[in-house]
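Engineer: Here it is, the structure, as structure tokens.
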Amino acid sequence: MFSLLMLYQLGVKMTDTLIKKDDEQGYIVAWKHKQNHNDLGKFDKEMSYGDATKECEKLIAENEEKTFWPEKSLESKEGFRFP
């Protein structure tokens, strides 16, 4: 677990990727099947980090065969094409 001293030592740019704010915009929900790792996808709807986290928690409760996580939509669009 990171301590505040460790975060300070990493510097501002490094810690920006570690600390997410619930109201930060531009996130989508990505998913992957737990057994079949080739079965993956992403939802197009952009939302805040807090909303994306809540949506992931809801989807995880509804579907035990997949894992879901919030992902920055700009980073997500690079190198991924929807089928």
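According to our numbering, the sequence shown holds residues 2 to 84 in order.
Yeah, the Cβ is synthetic: ideal placement off N, Cα and C, and Gly gets one too.
Could you please give me the residues that DSSP links to I20 through a beta bridge?
Structural biologist: Start at 1 with the first residue of the sequence shown, and residue 20 comes out as number 19. Note: I20 sits in no beta bridge, so no partner.
Engineer: Quick check on this structure: which residue in E66, P71, E72, L75 has the alpha carbon closest to the alpha carbon of N37?
Structural biologist: Counting from 1 along the sequence shown, the entry for residue 37 is found at position 36. Cα-wise, what sits closest to N37 is E66.
Engineer: Is the Cβ-Cβ distance between F44 and I61 less than 8 Å?
Structural biologist: Counting from one through the sequence shown, the residue named residue 44 turns up at place 43. Counting from one through the sequence shown, the residue named residue 61 turns up at place 60. For F44 and I61, no; Cβs fall outside 8 Å.
Engineer: For L75, which residues from the same chain have a beta carbon less than 8 Å from its beta carbon, with the 5 sequence-adjacent residues on both sides left out?
Structural biologist: Your numbering for residue 75 matches position 74 in the sequence shown. Result list for L75: G27, in chain order.
Engineer: Given E25, which residues of its chain have a CB within under 7 Å of its CB, disregarding the five upstream and five downstream residues?
Structural biologist: As a first step, residue 25 is located in the sequence shown; it is residue number 24 there, counting from the start. Once the five neighbours on either side are set aside, the close Cβ partners of E25 are S49, Y50.
Engineer: In or out: F83 buried (at least 16 other Cβ within 10 Å) or exposed?
Structural biologist: Looking up residue 83 in the sequence shown gives position 82. With a pLDDT of only 43 at F83, under the threshold of 50, the placement of this residue in the model should not be trusted; the figure read from the coordinates follows. The residue in question, F83, is exposed, as its Cβ has fewer than 16 Cβ neighbours within 10 Å.
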